[in-house]
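Undergrad: Please find one structure pasted underneath; my questions will follow.
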Amino acid sequence: MALLAEHLLKPLPADKQIETGPFLEAVSHLPPFFDCLGSPVFTPIKADISGNITTRKPGLGGVEGLT
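In terms of full-length UniProt numbering, the sequence shown has 3 at position 3, counting the first letter as 1, and numbering is strictly consecutive.
This is how it looks when you write it as structure tokens:
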């Protein structure tokens, strides 16, 4: 697994900032994963993540620490 992650994940730049658009695009695939777990206990987590993505995507801003 570490070998796989080593090739998929790029190191953070020196200023530790990442671009908002690609970040939000990547995490937008996370909420459907909670459906695969099959438990309603994850519904609030899925809703929270989805809500955060939705509120920040239109302007691609509003996430502190991201550019």
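From the three backbone atoms N, C-alpha and C, an ideal C-beta is built for every residue, glycine too.
Just to check my reading of the structure: serine 50 and proline 31 have Cβ atoms closer than 8 Å, yes? What is that Cβ distance to the nearest angstrom?
TA: About 5 Å; that satisfies the 8 Å criterion.
Undergrad: Can you say whether phenylalanine 33 is buried or exposed, counting buried as having 16 or more other CB atoms within 10 angstroms of its CB?
TA: The residue is exposed, with fewer than 16 neighbouring Cβ atoms inside 10 Å.
Undergrad: Rounded to a whole number of angstroms, what is the C-alpha to C-alpha distance between proline 13 and leucine 24?
TA: Computed Cα separation, rounded: 18 Å.
Undergrad: By Cβ distance, which residues of its chain are closer than 8 Å to methionine 1, with the 5 residues on each side in sequence left out?
TA: The predicted model places methionine 1 with a pLDDT of 47, which falls under 50 and marks its position as unreliable; any figure quoted below should be read in that light. Here the set comprises nothing.
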